[in-house]
Every structure is written in C-alpha cells, then in structure tokens.
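Participant: Taken in sequence, the protein lines are chains G and H. Numbering-wise, the first sequence is residues 253 to 679 according to our numbering. Numbering-wise, the second sequence is residues 253 to 679 according to our numbering.
Number of protein chains: 2
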Amino acid sequence: MNNKELLARREKALGKGAPLFYREPINIIRGEGVYLFDDTGKRYIDMYNNVPCVGHAHPHVVEAMLKQAGTLNVHSRYLHESIVKYAERLAFHHDKSLTTTVFTCTGTEANEVAIMIARCSTGGRGIICTDAAYHGNSEEIRKLTHTPVGGKGEVRSIPFPQTYRPLQAGVSEAELTELYLAEVRRVIEEFAAAGIKLAGMLVCSILANEGLPNIPAGFMPRAVEMVREAGGLFIADEVQAGLCRSGRWWGYEVTGFIPDIVSMGKPLGNGFPLAGVIASEDLVNLFRASTRYFNTFASSPLQAAVGNAVLDVLEKEKLCENSADVGAYLRSRLAPLPARYDSIADIRGHGLFVGLEWVSDRTTKTPDKRGAAEAANRLKDKGFLVANAGALGNVLKIRPPLVFARQHADTFVDALDEVLQDMYGNS
Amino acid sequence: MNNKELLARREKALGKGAPLFYREPINIIRGEGVYLFDDTGKRYIDMYNNVPCVGHAHPHVVEAMLKQAGTLNVHSRYLHESIVKYAERLAFHHDKSLTTTVFTCTGTEANEVAIMIARCSTGGRGIICTDAAYHGNSEEIRKLTHTPVGGKGEVRSIPFPQTYRPLQAGVSEAELTELYLAEVRRVIEEFAAAGIKLAGMLVCSILANEGLPNIPAGFMPRAVEMVREAGGLFIADEVQAGLCRSGRWWGYEVTGFIPDIVSMGKPLGNGFPLAGVIASEDLVNLFRASTRYFNTFASSPLQAAVGNAVLDVLEKEKLCENSADVGAYLRSRLAPLPARYDSIADIRGHGLFVGLEWVSDRTTKTPDKRGAAEAANRLKDKGFLVANAGALGNVLKIRPPLVFARQHADTFVDALDEVLQDMYGNS
C-alpha cells in the first residue's frame, strides 16, 4: 500500500487532523539506536525523539519488557518489589528532599497529580504558569497551555522569562530577572486580590516548549522562594527536561533550583507509557490520604521492569555524561552558523536539547516559522529528523536519543550547512 | 525479604495509602492464564482481574509485544499501518455508526476525550452522570466520582437506576423506569434553568462501579433518546463493560442502546496501557480540528501490536462466547445460594462479571460491607482472588480473565460455599 492510500485509511480510522509531521509524511517501520528506517529502506538519523532516550529498540529494555510481560503484569494492589525498587532508584537520582513517587501512565496524568498534590497540601487553587507552555492534554492541564497573561481563572500566567526577546529592551540581565520576578509577584497579588489562595507554580525546568530560552540568571531559584513565601509549592515539569536530557539528571540542576514536586514522563519508559511525580513523603502521604489515588496501568510490574531497564542503560552507558559531552560538541559545531546565516539568530540549549532561533530580520527579530519548517522538511529529505517548535514555531528543535554520538553531530551539521546554503545562498 | 519489610519500603517509596488489597496483602510474582502465584508458591485462581482479559502472560500477546518493541516504537506523527488496522478492527466490532477512534493510554484519558468530544460538538458543558460512579482520576473526571444528586456545577448526577433498592418502593418495574427517567429530565431542566447548555450523559453501560444493578427495563435506550432530544450526546463508558466482558462485545449491547461516543480502556492491551474513544467520523474530525489532540505514548506501533494481538486471541479463542457461556454457568451454580444464606440477597451480572449483594438483613436490605470483605479475605486464603465493591462496598465482585472455564467456576462455588458455612453456619 502506498502512503496516499494509508493516509486515506488513517483519516477514516483515526480522524482527519490526527497530527503528522512533514509536508510529505513518512512511513517509519524500524528503529535501531539513533536510526529510523522508512518503508522504502531509507535511513534517517533521529534528531527529534527524546522518548526513546536510550535509543530505539534497545535490546536490554526489550528483553526486560519481554521477561516481565511473560511472567506477570498486574495492577498495584498486590505487593511487588520491582516498583518499589524503581521508585527508590528514581529518588536516588533526585535531590534528597524528593523521596516518594506516585506513578502514572502519561505526562498529562503526572501533571494532574502534581497539581493535586500542591492543591491538597496548600488548600489553595491558584496555579502560576508561563504564557507559552504545554503541560498536557486533559481538561485541567489544558488550562496551562498558551495561557494568556492576565485572566481571571485559577490558572494564570507570566510572560516566559528569556533574554532573546526580553520583556523590556535595553536593560541588564539582572534588571531583566527583576522584571520577570515582578510578573510572578503580580500574579500572586492578583490571586490574593481575587480571593484565590495560591497552590503553586508549575513550569518546565528548562522552558522546553517555550523554545529553550536562556533564562535570566537567578530567575528560577528566586521564583521558587517567592512562591514558597506566598504559601505555594513549586512544581518542576521534567517530562521533557528530565532523565539526562539536559546533560544533568534533571533540568532543575541546570537552571539551579530545587522544586517541591517534580513531574516526570516521556523518556522514563523509552516509549512504554510510564510517568510519575516525586515529592517529599509528607506531601505524597497527604495526597494519598486525600484522594485514594489509583491508576490501573501504573506502578505495575511491567512499568517497573521497563523503567528499571532504562535506568540500567543510562547508568551503565553513562548517557548523562554523553548528553553533556555530545551536546556541548554539537553546539560548538553549530556556533559558527549565526555569523554565516542571518536567519540563524540564536543557538540555545542544554545537553542534547538544542534550539536554533530562525528569524527573517535580525534587527526586528521577526520570527521565521516558515524558514524553520522549510529547513526541517529539507533535513528530512537528507535523512535527518528534526521539527520546528517553540512559542513562535520558529525554533528548530534538535533533541536526539541520548546515544547520539559526535560523528552524528558532524554529519548533521554538514547537512544543515548544505540546507542553509540551498535556502539562503553561499555566505 | 518478607512482606512486612517490603511493605515498609513501599510506604517510603510510594507513600502511605498507596492502595493494597486484603488484610494481609499478597506478594504476587507470576501469572499464567487464570492463575496467579505468590512468593510462597501458593496458587490463586484470579477471579478479579478484568485487565488481563485473555489471561495472564498470554504468549501471543507477549510475542507481539516483543516483536514490535524490538522493531519500532515511536509516536504517531509518522505514518504506521498497524494503528490504522487496529482502529479499523475495533470499529468492526462496534455498531456501524461508530467508525473513528482517538487513542489514549488510560481510561481516565479516554473519558477526558469523550467529554471533550461531547462538549466541542454540542457547545455545551453540562454532563449528567450517576451518583455512585467512578470514571477516572483526573481533576475533571473526578467530578463524576460519587457525585451527590443535586449540585450546582457542570457535572450533575441522577440516583443510579436499579431494581434492588428502588427509588420508590412498591412500584412496578415499568413505573420505576419512568421514575429514573424523570431524574434525567430533572437534571436536564436544572441545567437549562442554570443556563448551562447540555453536553451529554456519561455512564458505564452496565453500571459496574455502582454494583452491577439490574437496570429497570428500557431505561438506557430511553435515556439516550431524552439526552439527544435535549441536544446532548450519550457517552458509554466501556472501560469495564467492554471487550467481551458482558458476554457481548460491548456492554451497550447487553443493556440495549447505541451510544454516540464510547470510551474503552482496561482490557484492550491485556495490561499494556491502551485506551481510546470511538465515535462517528464527524464527531472525531471536529474534536481533532478543535483541539489538535496529541498523546505521546498513544497510537504507537507498540500499542497497536498489543491491541491487535488481544483482538486476535479474543476472536480465535472465541472468548466472547466463553464469557457468555461460563458466565451463565457460574450464575446457575451460584443461584441456590440466596435460598441457603440470608446474607446473599441478590446475584446479578452479565457474562463473566458477577456481583453478589451482601446484606445483614433481608427485609431492610441493610448493606453488609464487612461480610463481603470478610468473604473476600477468606476466599483469598482458599486461593481465590475477589474483592468487595459497589456503591455501598457490599457487593462481592467476581470478574475473572475471560479464559475462565466451567471447572474454575465449580471449584470457586465450592470454596464460596465453605466460606459461607464457616461464616454463617450450615443451612
């Protein structure tokens, strides 16, 4: 069957508008390590997928899944050691104040639980987020998606902190930090004025969906302080930022703060639905007593087997170190591009999560979503999978599996250079 | 490690109050077909778990999972035929009006999507549910959990329809149907009076959590009509009722109605996190256009492989027929009990989903939650896993994997008889 026929069947079976990448969608049939292969046998270097963090079809993870699925997979109202061990191992890699985990199946569910923990422990309802975030797809969590600044509800936003398009031009970074902190204070005061008790603030530790901005120095730890002083809890969404993506185990280590509650997701199961929330024992005990939370498919022996296998690989193959090392190398290889192409205005990121800011005019910083999307499509043709993203859709998102190596970075940068030459001419 | 030590570690790692079954929790380490085995080697007949519907560790499902996990598991923004095929196969088993599926990872997420579909297509917000339901654990779906009759919000309930503790004593079943329909009408009118446009009604097709009541004849199809006339859509929650559990493919076939939207979950993946919502193409297209819904772990090749494998087994091993046949046999073997034991006041159910209503007084119908829980604990000691459930916690819930056979029913009924004799003496 050709892709056109498959697409027609897909529209009937899954509905028109079930999201697809690329002008000409690709039919991926096999994966191995950093490689994906389509139905014509074409090989791609996967530079987009953070979920298969230890690489596509990693044999240790597949073996662990097989062994457990062939032995036992049942819900968590019976005792089972493996999920306890998995929770202990996750806690080991976190700050020591974070000890106790509630498992879920998806990042959306993790953020649901994170907010419930904040609300039931503070007695408040008000949540502060940023204005260009995405934290999940449920009715409640959708309130945190591209939340306009201002508003009257229980969820209110601040303009996301960044240095590239700052809240005010011509100020120092230290002043900028104060300006963004003033936004946090503003929302806290507006909640108070509206009689809405603060529950907390929920942000991605590295502001991934906002476009990986450089955050004005000191903003994160000072925002944490400010939220706590106002009686709220600080929730770090590590669904994208966590598990070695940033070159550290958790994004909050990179942006320098210690959250009260952490939601985790995407990479935990290398594609197996596995997510969760870690917090202090007291917070989790109170949440459990208040809600009697139960999640049929979560905390299962199968989730545990897969999660433990992913941790085995991360630890054994030293993928956190690889993420830091190859990420830095990739950024060093990309560094000359802004001088050669006006369209590439900014290169940002942490570890193996890099964003290239695409503009049509350097002075006005006019976002060029079209250019970034065009580049993604051309790179796909050359065998490299990336996508455009960010608050304005103009950031080329580079986020390969953590087994990505220096030679992959080299071939990618060469291909990107060719694409840029084709699009914008020699320079 | 003994169970006491494991329990202490579990409380630290997962929090106190992470739900557990039985006075003395059991440490299950292996499953096969209808059997579960604990760490002492003790074998149990699993009469509770609906999730592993084709049996624990079914080799065909394990093999399909292994093969796919070793080949490819990636999100759904690339084309892949298997998820399309799986959606087509699900649609084949549904009423022909239901054609198009949105996949999710959990039943909670499925009910989230179901309600969003109803809301975005009707423009309404009001949802009618029953007063003793459970449909999931998110902030929005929790509003449908044990929702008191009356109320002022967007979610309002009716007393769940039943013949055992009827809304009014001494009336005929036909009159009872009218009384419960009047409750639906009342909520519709209260929404209208409050200026809340109706979105729809969401109920489990067989009212599983309510305690599997006998529903007054004609209630369901007439409630569907009434909701549609008021501009709403009817959502069947088939997370527990569906996929052959009731002796038919879907619970709505047993209770005689055709829903607009169906949420599905638990058994779809035999324990792999897989759930979804099926509706008409038009409804799903509108939902997709309105929300751009995307779910990272859903619609994946791995979900599809597992879902297809479960359908293979259900079809090949004729488990729908087995559910109907063995379920009827089990109820026929249980039928003499109420005459022998006053505590067993009612036997209800469909297919391999049976409820025994436990009372301390036949005349007053005083629910005996303690008796049902005691029986569940004693049956566990004898090697049979069941639990007490229902609106009042006094219904012994019997819901084995669908590979449950007549000889298992025989050994169970003998054991239950012994337990009843021990608890209440010979009769």
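Ideal placement from N, C-alpha and C gives every residue a C-beta, glycine not left out. Here the structure is a predicted model, which means the values were calculated and not measured.
1. Between which residues of its own chain and Leu-324/H is the CB-CB distance below 6 Å, once the five residues before and five after are set aside?
2. Please name the residues in the region 261-272 of chain H whose beta-carbon is closer than 9 Å to at least one beta-carbon of chain G, in chain order.
3. Just to make sure I have the definition right: I need the residues of chain H whose C-beta is within less than 7 Å of the C-beta of Gly-283/G. Which are they?
4. Could you tell me which of Leu-454/H, Glu-435/H, Arg-651/H and Asp-534/H sits nearest to Ala-576/H, measuring between CA atoms?
5. Identify whether Lys-632/H lies in helix, strand or coil by the three-state DSSP scheme.
6. Return the first residue and the last residue of the alpha helix (DSSP H) that Ala-434/H is part of.
7. Going by alpha carbons, who is nearest to Thr-616/H out of His-312/H, Leu-582/H, Phe-509/H and Tyr-416/H?
8. Nearest by alpha-carbon distance to Lys-634/G: which of Glu-609/G, Ser-349/G and Leu-672/G is it?
9. Measure the CB-CB distance between Val-529/G and Ser-515/G and report whether it falls below 8 Å.
10. Per DSSP, Leu-608/H forms a beta bridge with which residues?
11. Residues of chain H with CB closer than 8 Å to the CB of Ser-551/G, please, in chain order.
12. Consult DSSP for Cys-496/H and reduce its assignment to one of helix, strand or coil.
13. Just checking: is the beta-carbon of Lys-632/H within a distance shorter than 8 Å of some beta-carbon in chain G?
14. Using DSSP's beta-bridge definition, name the partner residues of Ser-515/H.
15. Using the Cα positions of Leu-566/H and Val-306/H, report the straight-line distance between them to the nearest angstrom.
16. Would you call the region 338-347 of chain H in contact with the region 309-326 of chain H, where contact means no fewer than 3 C-beta pairs closer than 8 Å?
17. Where Ala-657/H and Gly-521/H are concerned, what is the direct C-alpha to C-alpha distance, given to the nearest angstrom?
18. Using the Cβ count rule (16 or more neighbours within 10 Å means buried), how would you classify Pro-311/H?
19. Indicate whether Val-336/G and Leu-266/H have their beta-carbon atoms separated by less than 8 Å.
20. Counting contacts by CB-CB distance shorter than 8 Å, is Phe-605/G in contact with chain H?
21. How about the region 351-361 of chain G and the region 460-469 of chain G: do they share at least three Cβ pairs that are nearer than 8 Å?
22. Are three or more beta carbon pairs between the region 609-625 of chain H and the region 573-587 of chain H nearer than 8 Å?
23. State the Cα-Cα distance for the pair Gly-677/H and Ala-643/H, rounded to the nearest angstrom.
24. DSSP three-state call for Pro-590/H: helix, strand or coil?
25. Going residue by residue through the region 312-387 of chain H, where are the continuous alpha helix (DSSP H) segments of at least 4 residues, counting only ones entirely within it?
26. For the region 508-519 of chain H, enumerate the residues whose C-beta is nearer than 9 Å to any C-beta of chain G, in chain order.
27. Going by other Cβ atoms of all chains shown within 10 Å of its Cβ, with 16 needed for buried, is Ser-584/H buried or exposed?
28. Using a C-beta to C-beta distance shorter than 7 Å, which residues of chain H count as neighbours of Tyr-432/G?
29. Count the other C-beta atoms from every protein chain shown that fall within 10 angstroms of the C-beta of Glu-477/H, then say buried if there are 16 or more, exposed otherwise.
30. Classify Ile-458/H as helix, strand or coil using the three-state DSSP reduction.
31. Just to confirm, are Ser-532/G and Thr-353/G a CB contact at a threshold of 8 Å?
32. What does Glu-392/G pair with, by DSSP beta-bridge criteria?
33. Between which two residues does the alpha helix (DSSP H) containing Ala-556/H stretch?
34. Kindly list, in the order they appear in chain H, the residues whose Cβ is closer than 9 Å to that of Pro-652/G.
35. If we cut at 8 Å on Cβ distances, does Leu-396/H have a partner in chain G?
36. Does any CB atom of chain H fall closer than 8 Å to the CB of Ile-278/G?
Facilitator: A quick look at the data gives this:
1. Closer than 6 Å at the Cβ level, and outside the excluded window around Leu-324/H, lie Pro-553.
2. Per Cβ criterion, the list reads Arg-261, Arg-262, Glu-263, Lys-264, Ala-265, Leu-266, Gly-267, Lys-268, Gly-269, Ala-270, Pro-271 and Leu-272.
3. In chain order, Leu-324 and Val-326 make up the part of chain H whose C-beta sits under 7 Å from the C-beta of Gly-283/G.
4. It is Arg-651/H.
5. Secondary structure at Lys-632/H: helix, using DSSP grouped into helix, strand and coil.
6. Where Ala-434/H is concerned, the enclosing alpha helix (DSSP H) stretches over 425-445.
7. When only C-alpha atoms are compared, the closest one is Tyr-416/H.
8. Closest by alpha carbon: Leu-672/G.
9. Ser-515/G is positioned such that its CB atom lies closer than 8 Å to that of Val-529/G.
10. DSSP output for Leu-608/H lists Ile-599/H and Leu-648/H as bridge partner(s).
11. Listed along chain H, the residues sitting closer than 8 Å to Ser-551/G by beta-carbon distance are Leu-266 and Ala-270.
12. Cys-496/H: coil per DSSP, three-state reduction.
13. No, because no Cβ of chain G sits closer than 8 Å to the Cβ of Lys-632/H.
14. Beta bridge pairing from DSSP links Ser-515/H with Asp-489/H and Val-529/H.
15. If you draw a straight line from the Cα of Leu-566/H to the Cα of Val-306/H, it is about 7 Å long.
16. Contact between the region 338-347 of chain H and the region 309-326 of chain H is not established, with fewer than three Cβ pairs separated by less than 8 Å.
17. Each residue's alpha carbon lies about 21 Å from the other.
18. Under this definition Pro-311/H is an exposed residue.
19. Taking 8 Å as the Cβ cut-off, Val-336/G and Leu-266/H qualify as a contacting pair.
20. It does not; no Cβ of chain H falls within 8 Å.
21. Cβ pair count under 8 Å is below three, so no.
22. Contact fails between the region 609-625 of chain H and the region 573-587 of chain H, because fewer than three Cβ pairs, one in each stretch, are under 8 Å apart.
23. Whole-angstrom Cα-Cα distance: 28 Å.
24. Three-state result, Pro-590/H: helix.
25. DSSP assignment within the region 312-387 of chain H yields the following whole alpha helix (DSSP H) runs of 4 residues or more, N-terminal first: 333-345 and 359-374.
26. Against chain G - using a Cβ distance shorter than 9 Å - the residues of the region 508-519 of chain H are Gly-517 and Lys-518.
27. Exposed is the label assigned to Ser-584/H, since fewer than 16 other Cβ atoms lie within 10 Å of its Cβ.
28. Simply none; closest approach about 28 Å.
29. Its Cβ having fewer than 16 others within 10 Å, Glu-477/H is exposed.
30. If DSSP states are grouped into helix, strand and coil, Ile-458/H belongs with coil.
31. Taking a C-beta distance under 8 Å as the contact criterion, Ser-532/G and Thr-353/G do not qualify as a contact pair.
32. Looking at the DSSP assignment, Glu-392/G forms no beta bridge with any residue, so it has no partner.
33. Note, Ala-556/H: alpha helix (DSSP H), 553-568.
34. Contact note: Pro-652/G does not reach chain H at a C-beta cutoff of 9 Å; the least C-beta distance is about 13 Å.
35. The beta-carbon of Leu-396/H is placed no less than 8 Å from the nearest beta-carbon of chain G.
36. Closer than 8 Å to some Cβ of chain H, the Cβ of Ile-278/G qualifies, so yes.
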